[in-house]
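Below is one structure; the comments refer to it alone.
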Amino acid sequence: DVKVTQSSRYLVKRTGEKVFLECVQDMDHENMFWYRQDPGLGLRLIYFSYDVKMKEKGDIPEGYSVSREKKERFSLILESASTNQTSMYLCASSFSGNTIYFGEGSWLTVV
Amino acid sequence: RKEVEQDPGPFNVPEGATVAFNCTYSNSASQSFFWYRQDCRKEPKLLMSVYSSGNEDGRFTAQLNRASQYISLLIRDSKLSDSATYLCVVTKSGGSYIPTFGRGTSLIVHP
Chain A
105 DVKVTQSSRY
115 LVKRTGEKVF
125 LECVQDMDHE
135 NMFWYRQDPG
145 LGLRLIYFSY
155 DVKMKEKGDI
165 PEGYSVSREK
175 KERFSLILES
185 ASTNQTSMYL
195 CASSFSGNTI
205 YFGEGSWLTV
215 V
Chain B
10 RKEVEQDPGP
20 FNVPEGATVA
30 FNCTYSNSAS
40 QSFFWYRQDC
50 RKEPKLLMSV
60 YSSGNEDGRF
70 TAQLNRASQY
80 ISLLIRDSKL
90 SDSATYLCVV
100 TKSGGSYIPT
110 FGRGTSLIVH
120 P
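Next up, the structure:
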């Protein structure tokens, strides 16, 4: 079975802190994604990557950055967390055009 | 116009009912289509892919209408456990692969 692992499930951070969300997939997928999901707004794409060291902005990249140094790992970074970044963050991976597999999600609260 | 549109519902149906959801997409170059199921506070999981000829998996039937640019999901003999949000996903051919998600349709099956 494909496994997408988000190591941090529940986090509480203070405003202004730097936050790292890690995601690892074990199926050699070239594509990886970071979404956030908020009530009534659906899934919104923050960043995606289609290869190592490659990244593309999604619909809402402001306040976020990403890193993909190895094919299996895609990290989301909040340089200076703000309360409006309180959300559920979902990592996903896929081969192009095929099924997208999600991690279990990271629930971030910024106080 | 949103790229992928779904009626948010909720659809409130009794056990045993048949219920259908539609999802419209705006990009005629769309190539692959999926239905995902998301339970409350959980990650989306693949329910089924949607093929041009239509496909069935037990009580679930998915269809694609390229001419009218919509996909549908039919659930027969609804169970309480079918209560969830159903997300439609569309991908485009060519260039960077980015799946586009609808905001989801909420289904509540009651006794």
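Residue numbers (the numbering used here), protein chains in the order written: chain A, 105 to 215; chain B, 10 to 120. By construction, the Cβ of each residue, glycine as well, lies at the ideal position given by its N, Cα and C atoms. All figures in this text were calculated on a predicted structure; none of them were measured in a lab.
Closer than 8 Å, CB to CB, is GLY201 (chain A) near chain B or not?
yes
Just to check my reading of the structure: THR114 (chain B) and PRO17 (chain B) have Cβ atoms closer than 8 Å, yes? What is that Cβ distance to the nearest angstrom?
6 Å
Give a yes or no on whether 8 Å exceeds the smallest Cβ distance from GLU91 (chain A) to chain B.
In the structure displayed, chain A extends from 105 to 215; residue 91 (chain A) sits before or after that span and is not available.
Report all residues from its chain with a CB closer than 6 Å to the CB of PHE20 (chain B); omit the five preceding and five following residues, and keep chain order.
VAL28, LEU116
Straight-line gap, GLU160 (chain A) to PHE152 (chain A) (C-alpha atoms, nearest Å):
5 Å
What residues are listed by DSSP as bridge partners for ILE181 (chain A)?
A:PHE124, A:SER169
With SER58 (chain B) and GLN72 (chain B) assumed to form a contact (beta carbons below 8 Å), what rounded beta-carbon distance in angstroms separates them?
So it is not a contact: roughly 12 Å between Cβ atoms.
Using a cut-off of 7 Å between C-beta atoms, extract the partners of PHE152 (chain A) located in chain B.
ILE107
Counting only C-beta atoms, is LEU147 (chain A) closer than 8 Å to chain B at any point?
yes
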